[in-house]
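Please read the structure below before turning to the comments.
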Amino acid sequence: DGGITQSPKYLFRKEGQNVTLSCEQNLNHDAMYWYRQDPGQGLRLIYYSQIVNDFQKGDIAEGYSVSREKKESFPLTVTSAQKNPTAFYLCASRIPGDGYTFGSGTRLTVV
Amino acid sequence: AQSVTQPDIHITVSEGASLELRCNYSYGATPYLFWYVQSPGQGLQLLLKYFSGDTLVQGIKGFEAEFKRSQSSFNLRKPSVHWSDAAEYFCAVGAVGNTGKLIFGQGTTLQVKP
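Protein chains in written order, with the numbering used here: chain A, 129 to 239; chain B, 221 to 334.
Have a look at this one:
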């Protein structure tokens, strides 16, 4: 079955560490997105990519970085510059004119 | 400014009762409108979407929503709620365009009483 796979499901980060969240899709979708979810705040857009080797900042890109070297993959790195990284991270993809397909999320906790 | 407002943070209904979740949006362009559902610790699942045409749209799991342009609303309804409908519901709006960026509401948590 086609879908989006996010890994790991749970991730723990020490102060000053960079960590990378994986997002892989086999839906052949061009566009991919990273959202951050905090309780009571809905989803906020971090980065998005409409095509391989191209990506744009979303509303809360500071402290994050991405790459899009392959159509199937859109990893998100949470850098040490992100001062409050504890959140639930959701990856999504879509084809033009349709809604998102979401992955099952990664919960990141600072320890 | 572009925004989505879900006025109700929490709603509790009895099993078998009808449900209406409210969504109001502010968006300059012709909007795409969506409702998603999220179970705890999971991703979001698309319930239904409105792009154009008939303003009453049917979705999965017996849900429907009505687009009212004059009221900038896209309320979600279900005639008879089941215990398995307990979850968080998100309304989202996007542009008729290529970027696909969506703006999400803050969500409404639905609790179902037996």
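C-beta atoms are modelled at their ideal positions from N, C-alpha and C, and glycine is treated no differently.
Close Cβ partners of residue i (< 7 angstroms) along its chain, the five nearest in sequence each way excluded
i: Q258 (chain B); result: L264, A307, E308, F310
i: F140 (chain A); result: T237, V239
i: A215 (chain A); result: R164, Q165, D166, L236
Cβ shell of residue i (< 8 angstroms), same chain only, five flanking positions each side left out
i: L204 (chain A); result: T148, L149, C151, W162, I174, Y175, Y192, S193, V194, Y217, C219
i: K333 (chain B); result: T232, V233, S234, E235
i: N146 (chain A); result: T205, V206, T207, S208
i: K211 (chain A); result: G191
Alpha-carbon spacing of residue i relative to residue j, whole angstroms
i: F294 (chain B); j: G225 (chain A); result: 18 angstroms
i: C243 (chain B); j: Q226 (chain B); result: 5 angstroms
i: V301 (chain B); j: I323 (chain B); result: 27 angstroms
i: I179 (chain A); j: G320 (chain B); result: 12 angstroms
i: Q278 (chain B); j: S238 (chain B); result: 16 angstroms
i: Q291 (chain B); j: G186 (chain A); result: 28 angstroms
i: M160 (chain A); j: N181 (chain A); result: 12 angstroms
i: G314 (chain B); j: L253 (chain B); result: 7 angstroms
i: G248 (chain B); j: H157 (chain A); result: 27 angstroms
i: Y138 (chain A); j: G233 (chain A); result: 9 angstroms
i: T275 (chain B); j: K288 (chain B); result: 7 angstroms
i: Q169 (chain A); j: D305 (chain B); result: 21 angstroms
i: K142 (chain A); j: P299 (chain B); result: 48 angstroms
i: F183 (chain A); j: G261 (chain B); result: 27 angstroms
i: K281 (chain B); j: G130 (chain A); result: 21 angstroms
i: G231 (chain A); j: S177 (chain A); result: 16 angstroms
Proximity test, Cβ basis, 8 angstroms: residue i and chain B
i: G144 (chain A); result: no
i: R222 (chain A); result: yes
i: A159 (chain A); result: yes
i: F202 (chain A); result: no
i: F230 (chain A); result: yes
i: Q153 (chain A); result: no
i: L139 (chain A); result: no
i: K149 (chain A); result: First, the amino acid is wrong: residue 149 (chain A) is Leu here, not Lys. It does not: the Cβ of L149 (chain A) has no partner Cβ on chain B nearer than 8 angstroms.
i: Y176 (chain A); result: yes
Backbone secondary structure at residue i - three-state DSSP
i: R289 (chain B); result: helix
i: S304 (chain B); result: helix
i: I179 (chain A); result: strand
i: I231 (chain B); result: strand
i: G314 (chain B); result: strand
i: K281 (chain B); result: helix
i: I132 (chain A); result: strand
i: L155 (chain A); result: coil
i: F202 (chain A); result: coil
i: I265 (chain B); result: The question names Ile, but residue 265 (chain B) in the sequence shown is Gln. Strand at Q265 (chain B).
i: R297 (chain B); result: strand
i: P260 (chain B); result: coil
i: I223 (chain A); result: coil
i: N244 (chain B); result: strand
i: S150 (chain A); result: strand
i: Y138 (chain A); result: strand
Contact set for residue i: own chain, Cβ-Cβ below 6 angstroms, skip 5 residues either direction
i: L171 (chain A); result: Y163, Q165
i: H230 (chain B); result: T329
i: R297 (chain B); result: E240, E284
i: S201 (chain A); result: E152
8 angstroms Cβ cutoff, residue i in contact with chain A
i: F278 (chain B); result: The sequence as given places Gln at residue 278 (chain B); Phe does not occur at that position. By this cut-off, Q278 (chain B) is not an interface position.
i: K269 (chain B); result: yes
i: L296 (chain B); result: no
i: G236 (chain B); result: no
i: L241 (chain B); result: no
i: T319 (chain B); result: yes
i: F287 (chain B); result: no
i: F324 (chain B); result: yes
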